[in-house]
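Since the structure comes first, as structure tokens, the remarks are kept for the end.
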Amino acid sequence: MEDLKSDRILEIKDDISNELRKAGYAEIGACIQCGNCTAGCPSGRRTALRTRSIIRKAILGLEEVLSDKELWLCTTCYTCFERCPRNLPITDMIIFLRNLAVQRGYILPNHLNLCRMFYDTGHGVPINDEKWNIMRESYGVNRVPPTVHTDPKYVKEVQELISSVGFDKTIAWGKYAKKEEKAEKK
Amino acid sequence: MFYPNLIKERKTIMSEKNLRYSLYLGCVIPNRYPFIEQSIRNTFKELGIELVDMQGASCCPAPGVFRGFDITTWLVIGARNISIAEENEADITLGCNGCYGTLLEVNHLLKHDKKKRDMVNKHLAKIGREFKGTIEVKHLIEVLYYDFGIDKLKDYIKIKFPDLRVGVHYGCHILKDSSNRPWGGEYEEPRFFDELVEITGAKSIDYKDKIMCCGAGGAVRTASLEVSLDFTREKLENMRKVNVDCCIVCCPFCHLQMDLGQMQVNDKFKDIIGESYKIPIIYYNQLLGLAMGMNPGDLGLVAGHDLKGVPPFISIQPLIQKIKEQMI
Chain A
81 MEDLKSDRIL
91 EIKDDISNEL
101 RKAGYAEIGA
111 CIQCGNCTAG
121 CPSGRRTALR
131 TRSIIRKAIL
141 GLEEVLSDKE
151 LWLCTTCYTC
161 FERCPRNLPI
171 TDMIIFLRNL
181 AVQRGYILPN
191 HLNLCRMFYD
201 TGHGVPINDE
211 KWNIMRESYG
221 VNRVPPTVHT
231 DPKYVKEVQE
241 LISSVGFDKT
251 IAWGKYAKKE
261 EKAEKK
Chain B
263 MFYPNLIKER
273 KTIMSEKNLR
283 YSLYLGCVIP
293 NRYPFIEQSI
303 RNTFKELGIE
313 LVDMQGASCC
323 PAPGVFRGFD
333 ITTWLVIGAR
343 NISIAEENEA
353 DITLGCNGCY
363 GTLLEVNHLL
373 KHDKKKRDMV
383 NKHLAKIGRE
393 FKGTIEVKHL
403 IEVLYYDFGI
413 DKLKDYIKIK
423 FPDLRVGVHY
433 GCHILKDSSN
443 RPWGGEYEEP
453 RFFDELVEIT
463 GAKSIDYKDK
473 IMCCGAGGAV
483 RTASLEVSLD
493 FTREKLENMR
503 KVNVDCCIVC
513 CPFCHLQMDL
523 GQMQVNDKFK
533 DIIGESYKIP
543 IIYYNQLLGL
553 AMGMNPGDLG
563 LVAGHDLKGV
573 PPFISIQPLI
583 QKIKEQMI
């Protein structure tokens, strides 16, 4: 038998909504739960992502809004943002909620790898195989693009900034990813 | 966040006669789709628009991905990239909707929020850089449409393709947030990209959910490949229904998703799509260059290598066949 879950919310927490307000998203209080966001969401057509419900859960301070994978199924297409009749910057709020999730250790292993790649190379999609250099030459552009790839000192600059902000520490706290890694090892 | 005065504020810092921009490449264009870079550089050269490289530029960082992980990191690294263009003393132009979203928003936020700018500059000082707020960020579609001017662009068209049926894919971040994009607030039924395509004589064919996302953005391709490919499947199906010869894009990540993704859709969804999709994906500057009478070999339409596992994954031959007659 599965564990029983309470079917009612006994306590409304305001920690998540307060974080949103502090970050400049006071509009969260103006949400009337009309559902225009969910109706226009191209991701919601094919997944369990319900934008209205994300905003609702954020207002009620339910931790599950941060731990549910659905938070990461938004492609940030900004359709909800544009169509909200109360002018809530919904997509920006989802992005902020993702920040909170990462701070509390909820991050997918794939995303963590992406962060590490960005830290190591300065690119989200780096040249990691010589075939890309050969391909560049064949199209008549420089073998190495004029980006961070030209000189390790530029990668150092990016790394210094990431450390200065403290983001390197944040991603090292990826509890969720660590759990997944452990599970994989088992 | 609503920036009603932005469109009025945006002006170019150089004279009309001498168009000069910092070319911001991003990640996908230089590292996976270099033929897009070739087509941008060569068409702009032909138009007399000077492009200056941004030495040492990094990932923008991506608006749905790294902004979703940490907004401060996103602001600081974005500001570093902008500071490189400020040293060049030339506005940024770029060919990626994602980079456009990031650099435009970062530039705007930091120009208008002194507290944030001071915070960012404190970090940048550690590597000897500073965000000054002296330049603008413009998508190359915006440069062609407004700065160079679509009317002047028409004078450069030498060949027209009246038989070509094109599915135009805008992508998301070139349009939205519409309050700080230069398209007059239009985001449901924009026309500017269709107009740019139609000056080549090609017909932009309407299809269902034309403005819908390709599915790649917002870290979804990394989070769940299947979900992101399902977006693409829907787009491709809607385009196939109206029988287009090719799909024109202005974003390398959309390009990747519709090209590499198309191959993956043909594999993963083969039970429900029937016949495989074979829609060639073409970057706008490639089409423009063809219409300007340029050599396909200078527009990244001819591969000078025999590498395997590199784009384009969907053959562009059907398109070349279709327009061959006009090109001779």
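Heads up: the sequence lines are chains A and B, in that order.
Using the numbering used here, read the first sequence as starting at 81 and increasing by one per residue.
Using the numbering used here, read the second sequence as starting at 263 and increasing by one per residue.
Just so it is clear, CB atoms sit at the ideal spot from N, CA and C, and this is done for glycine as well.
Check: Chain-order list of residues whose beta-carbon lies under 6 Å from that of H401 of chain B (same chain, five-residue window excluded); Outcome: Y362 and I436
Check: Euclidean distance between Cα positions of R282 of chain B and K307 of chain B; Outcome: 11 Å
Check: Status (buried if at least 16 other CB within 10 Å, exposed otherwise) for P573 of chain B; Outcome: buried
Check: Residue from B:R453, B:G411, B:L372 and B:T334 whose Cα sits closest to the Cα of S345 of chain B; Outcome: B:L372
Check: Rounded C-alpha distance that separates I543 of chain B from I92 of chain A; Outcome: 50 Å
Check: First and last residue of the uninterrupted beta strand (DSSP E) at H401 of chain B; Outcome: V399 to H401
Check: Cutoff 9 Å: R130 of chain A Cβ touching any chain B Cβ; Outcome: no
Check: Chain-ordered neighbours of N293 of chain B on chain A, where CB pairs are closer than 9 Å; Outcome: H203, V205, P206, I207, N208, W212, R216, P225, T227 and H229
Check: Residue-chain proximity (E299 of chain B, chain A), Cβ-Cβ < 9 Å; Outcome: yes
Check: C-beta neighbour in chain B for T118 of chain A, strict 9 Å; Outcome: no
Check: Near-chain A residues of the stretch 313-339 of chain B (beta-carbon distance less than 8 Å), N- to C-terminal order; Outcome: D315, M316, Q317, G318, A319, S320, C321, P323, A324, P325, G326, V327, F328, R329, G330, F331, D332, I333, T334, T335, V338 and I339
Check: Cβ neighbour criterion (16 or more within 10 Å) applied to L365 of chain B; Outcome: buried
Check: 6 Å Cβ shell around N369 of chain B - same chain, five flanking residues per side excluded; Outcome: I344 and V399
Check: Inter-residue spacing [alpha-carbon to alpha-carbon] between C121 of chain A and Q526 of chain B; Outcome: 23 Å
Check: Close-in-space but distant-in-sequence residues of the same chain around I108 of chain A (CB under 8 Å, 5 per side omitted); Outcome: S97, L100, R101, I135, A138, I139, L168 and M173
Check: Beta-carbon gap between T131 of chain A and C117 of chain A smaller than 9 Å; Outcome: yes
Check: Residue(s) in a DSSP beta bridge with R635 of chain B; Outcome: Because chain B spans 263 through 590 in this model, residue 635 of chain B falls outside it and cannot be assessed.
Check: Selection of the stretch 143-165 of chain A by Cβ proximity to chain B, strictly under 8 Å; Outcome: K149, W152, L153, C154, T155, T156, C157, Y158, T159, F161 and E162
Check: Contacts around D456 of chain B, its chain only, beta-carbon distance under 7 Å, and the 5 residues preceding and following it disregarded; Outcome: V430 and S466
Check: Cβ neighbour criterion (16 or more within 10 Å) applied to N442 of chain B; Outcome: buried
Check: CB contact below 9 Å: I108 of chain A versus chain B; Outcome: no
Check: Neighbour list for L188 of chain A in chain B, Cβ cutoff strictly below 8 Å; Outcome: T484 and A485
Check: Whole-angstrom C-beta distance between T156 of chain A and G480 of chain B, which should lie under 8 Å; Outcome: 4 Å
Check: Inter-residue Cα distance where the pair is N547 of chain B and S218 of chain A; Outcome: 18 Å
Check: The stretch 479-495 of chain B contacting the stretch 556-572 of chain B, beta-carbon criterion three pairs below 8 Å; Outcome: no
Check: Under 8 Å by beta carbon: chain B residues contacting E240 of chain A; Outcome: K388 and I389
Check: Span separating the alpha-carbon of G447 of chain B from that of I214 of chain A; Outcome: 43 Å
Check: Span separating the alpha-carbon of T274 of chain B from that of C434 of chain B; Outcome: Summary for T274 of chain B: the model assigns pLDDT 47, below 50, so the residue's position carries little reliability, and this model does not support an answer.
Check: DSSP three-state assignment for D95 of chain A, whether helix, strand or coil; Outcome: helix
Check: Simplified DSSP assignment, three categories, for I354 of chain B; Outcome: strand
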